[in-house]
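One gets the working numbering by counting positions in the sequence shown from 1 and adding 4 to each. Structure record follows, encoded as structure tokens.
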Amino acid sequence: MKEYSKKLSALPPYLFVKINSLKKDAYAKKNDVIDLAMGNPDLPTPEGIVNCLVDTVKNHPGTHRYPQAKGMPKLRKAICDWYKKRFDVDLNPENEALVLIGSKEGIAHMCMAWLDPGETVLVANPAYPVHFNGVILAGGTIYDMPLLPENGWLPDLTKIPEKVARKAKLMFLNYPNNPTTAVIEDDNFFKEVVRFAKKYDIIVCHDNAYSEVVFGDYEVPSFLQTPGAKDVGVEFYSLSKTYNMAGWRIGFCVGNPSVVAPLEKFKSFIDYGVPTFLQLAAVHALNSDEKINKDTMEEYKKRRDKFCDGLNKLGFVVEKPKSTMYLWAKIPEKFKSMGSLAFSEELLKETGIAASPGVGFGSFGEGYLRFALVTHFNRFHDALIRLKKFVSK
Ligand SMILES: Cc1ncc(COP(=O)(O)O)c(C=O)c1O
């Protein structure tokens, strides 16, 4: 057989493959796996949203037909109303909001729509993998913007060489950040991003998947709240975490109409969009207040506090995040030389705990593990007992 495309083979080895296959082996052997590897919310979608879907599928067979690919007008309006209410950002439902089959799909296709082979994209490292894999699949060239703890896990735009900045076409950012859990503390960084993007004519793609997964009083901003942001970019939003709808596959892209239009055009050639009954359930979600509620965040908080304190006592270094449902844990010093991939593999084999190796998110994630807080509170107690045994060996 001939070889598959160079674009696909150019993807870096998917570092979660080994973890996934070890996980499969462990499940097959009926081992007791504590799966903290994937950011896959374990709590159910709010009842009203589920009921809306069931009722629509059952009683409105018209919704079984092909959907409106760019999103029904009703959903695009609900998206724009929600952005106004939540972030005080004005958007035109006609051309500044596009429905996606999850923001992952949209980010990958954004790269396809905008990049010609060899064009440069500024990508944070570490990052949610589609931010770099999308670029590779589109034949683009990645310029890494290291995220370092001493810089609050923000990229230092002053370190980007003038020559690179001038030829860069897109920039991907994501705050609250996966995997580092960092958040934007004031509006200076986004202002700097807008200035930089205007100076070099770069399209900013901000991924705001975790805006509602917050602890305490911290309030997540939208990039589009920054003066001038809509001139230079778009924001990707996901319903997966806000409403525990990860498996439903729905998100959206909002912002600059000239940036949104090519994405819409590209998608119109390859997909038919999100099923109508799902779109209507999303309208219900956005118009109601059934987002991750206080109880859900209380549950994440309990898990966060228990596991974070426990990990720190075992020699990991973990800060309590203000947002996201992850812990970004520095591997204890004595295991540092193993690297995060080998560490996570050993951990899974020996303890049944699945975590994501930091290096899977990029080379600057090396030395860290990402734990997702997506299992029952009591399981974190078990996980800490197993970890204690593992690290004291
Ligand atoms: C930063 C970030 N963006 C996007 C996504 C994917 O969201 P969706 O389910 O809408 O594709 C995730 C999922 O974990 C994420 O962490």
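Glycine included, each C-beta is placed from N, C-alpha and C at the ideal position.
Heavy atom of ligand 1 less than 8 Å from the Cβ of residue i, yes or no?
i	result
G43	yes
I111	yes
A213	yes
N382	no
V447	Given that the chain is displayed from residue 5 to residue 397, the structure contains no residue 447 and the question cannot be resolved.
F402	No answer is possible for residue 402: the residues shown for the chain start at 5 and end at 397.
G255	yes
L373	no
F240	yes
N178	yes
G75	no
N182	yes
K245	yes
K271	no
D250	In the sequence under discussion, the amino acid at residue 250 is Ala, which differs from the Asp named in the question. Yes, since a heavy atom of ligand 1 falls inside the 8 Å radius drawn around the Cβ of A250.
K326	no
L79	no
L104	yes
Y132	yes
S226	no
S107	yes
Kindly indicate the opening and closing residues of the alpha helix (DSSP H) around residue i.
i	result
Y31	20-32
H135	134-141
H288	280-291
V395	381-395
K10	10-13
Within 10 angstroms of its Cβ, does residue i collect 16 or more other Cβ (buried), or is it exposed?
i	result
Y132	buried
L228	buried
N35	exposed
D39	buried
K202	exposed
L152	exposed
Y214	buried
D211	buried
E337	exposed
V58	exposed
N63	exposed
N457	Look at the range of the chain in this structure, 5 to 397, and you will see that residue 457 is not part of it.
K269	exposed
I335	buried
F311	buried
T328	buried
K181	The amino acid occupying residue 181 in the given sequence is Asn; Lys does not appear at that position. The residue is buried, with at least 16 neighbouring Cβ atoms inside 10 Å.
E216	buried
A233	buried
H380	exposed
P159	buried
G220	exposed
G356	buried
P50	buried
V134	buried
G75	buried
I274	exposed
T60	buried
Give me the Cβ distance between residue i and residue j, rounded to the nearest whole Å; I'm assuming they're in contact under 8 Å.
i	j	result
P361	S344	4 Å
P261	E109	Contact flag wrong, Cβ pair sits at about 20 Å.
P183	F347	The pair is not a contact, with the Cβ atoms about 15 Å apart (cut-off 8 Å).
Y276	Y70	5 Å
A169	M149	The pair is not a contact, with the Cβ atoms about 11 Å apart (cut-off 8 Å).
C257	L267	6 Å
V238	V264	6 Å
S226	F339	About 39 Å separates the two Cβ atoms, so there is no contact after all.
P97	P65	So it is not a contact: roughly 26 Å between Cβ atoms.
I53	Y247	6 Å
A82	L377	Their Cβ separation, rounded to whole angstroms, is 29 Å, which puts A82 and L377 out of contact at 8 Å.
K173	L95	No, K173 and L95 are not in contact; Cβ-Cβ is about 23 Å, not under 8 Å.
What residue range is occupied by the uninterrupted beta strand (DSSP E) comprising residue i?
i	result
K173	172-177
Within the segment 100-128, ranges of the alpha helix (DSSP H) (whole runs, at least 4 residues): 107-118
Segments assigned beta strand (DSSP E), at least 3 residues, entirely inside the segment 232-273: 237-242, 255-259
Ranges of the alpha helix (DSSP H) found wholly within the segment 294-373, counting only runs of at least 4: Complete alpha helix (DSSP H) runs here, min 4: 298-317, 344-355.
Contiguous beta strand (DSSP E) assignments of at least 3 residues, all confined to the segment 62-87: none
Completely contained alpha helix (DSSP H) runs for the segment 147-223, where each covers 4 or more residues: 166-171, 192-204
Alpha helix (DSSP H) segments (min. 4 residues) lying fully within the segment 38-65: 51-63
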